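Undergrad: Sharing a structure here in structure tokens format.
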Amino acid sequence: QKYGSVLNIGWTSDPQQPSPMFEINWWWDTMLNNAVFDYLTQPDPKTYTELPWLAWNWTVEPWTAPGDVPGKKITFHLVDNATWHDGLPLTAEDVVFTWDYAQREQNPVYISYLLHYVKGEAPDAHTAIAYLNTTSYWALHWVGGNNNIPIIPKHIWQNITNSVKYQPLVDGNYIGSGPYRSKEYKPGEYLVIEANPNYFLKPRDSTLGY
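Below is the structure:
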């Protein structure tokens, strides 16, 4: 069946600072980020086991970190048809950049997920590898799980030197790879996001916007 129409949601205020690299637990910001940006995996709504998303498959192997510390090597195999809202392809370089950038910026939201992150590698366009100095069960969730670290476009964020203060929506760079893309923002009145016509998991004839 066809998908369509518009969903109108009443908010009590403007979003405060919608950004994939900074959230202050403001519900409107989180709602936007979850629609505009994607994650490597998503949780099954019934069992909470990881479902393939930007990564169609992954492997977890033992790895010895510097100092002979037992760790894990997590290899994500990315889908080959995911793109950013500006049309550029999403690659493993974007994934590794996201991990490195969030850790380097000491991002207040995501730093706890990267405490054990040692390094990342992108041996090819569709393979992203994370090396962690922990054997924790949660390692996969920290670097690849839903609502942990959204994947950001390297070609935009590599020149942003202060991720906490930067406001991509105001600057016109609120660009993700998710099912919705930013269309129009009028402060104090409304914000419109529309269905991403090039979304790699887009249902046929989907036109829903909100």
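Each residue of the sequence shown is one higher than the one before, starting from 31 at the first, in our numbering.
Even for Gly, the Cβ is constructed at its ideal location relative to N, Cα and C.
Remember, it's a predicted structure, so these values are computed and weren't measured experimentally.
1. List the residues that DSSP assigns as beta-bridge partners of Leu221.
2. Are the CB atoms of Gln197 and Ser49 within a distance shorter than 9 Å?
3. Leaving aside the five residues before and after Asn177 along the sequence, list all residues of the same chain whose C-beta is less than 8 Å from its C-beta, in chain order.
4. Alpha carbon to alpha carbon, what distance is there between Asp130 and Pro183?
5. Say whether the segment 201–210 touches the segment 108–122, bearing in mind that this needs 3 or more beta-carbon pairs closer than 8 Å, one atom from each stretch.
6. Report yes or no: do the segment 101–108 and the segment 150–170 share at least 3 C-beta pairs separated by less than 8 Å?
7. Sort Gly202, Pro180 and Ile223 by Cα distance to Ala85 and report the nearest one.
8. List the residues that DSSP assigns as beta-bridge partners of Gln188.
9. Assign Gln136 to one of two classes, buried (16 or more other C-beta atoms within 10 Å of its C-beta) or exposed (fewer than that).
10. Look at the alpha carbon of Asp98 and the alpha carbon of Pro92, and state the distance between them as a whole number of angstroms.
11. Determine whether the beta carbon atoms of Ala152 and Val173 lie at a separation below 9 Å.
12. Going residue by residue through the segment 71–106, where are the continuous beta strand (DSSP E) segments of at least 3 residues, counting only ones entirely within it?
13. Any idea which residues DSSP pairs Asp130 with across the strands?
14. Using a threshold of 9 Å, state whether the C-beta atoms of Trp230 and Asn111 are closer than that.
15. Identify the continuous beta strand (DSSP E) that holds Leu162 and give its terminal residues.
16. Between the beta-carbon of Leu37 and the beta-carbon of Leu170, is there less than 9 Å?
17. With the cut-off set at 9 Å, would you say Phe67 and Val139 are in Cβ contact?
18. Roughly how many whole angstroms lie between the Cα atoms of Lys76 and Ala155?
19. Spatial neighbours of Arg211 within its chain, please: C-beta separation below 7 Å, excluding the five flanking residues on both sides.
TA: In short:
1. Its beta-bridge partners are Tyr215.
2. yes
3. Asn64 and Tyr69
4. 13 Å
5. In short, these stretches touch, since the Cβ pair count reaches three.
6. Counting Cβ pairs under 8 Å, three or more are found: they touch.
7. For the options Gly202, Pro180 and Ile223, the alpha carbon positioned closest to that of Ala85 is the one of Pro180.
8. Answer by DSSP bridge pairing: none, since Gln188 is not bridged.
9. exposed
10. 12 Å
11. no
12. 71–73, 80–82 and 85–95
13. According to DSSP, which records beta bridges pairwise, Asp130 is partnered with nothing at all.
14. The sequence given here has Phe at residue 230, not Trp. By the CB criterion at 9 Å, Phe230 and Asn111 fall inside the cutoff.
15. Thr157 to Leu162
16. no
17. no
18. 32 Å
19. Val66, His115, Ile223, Glu224 and Asn226
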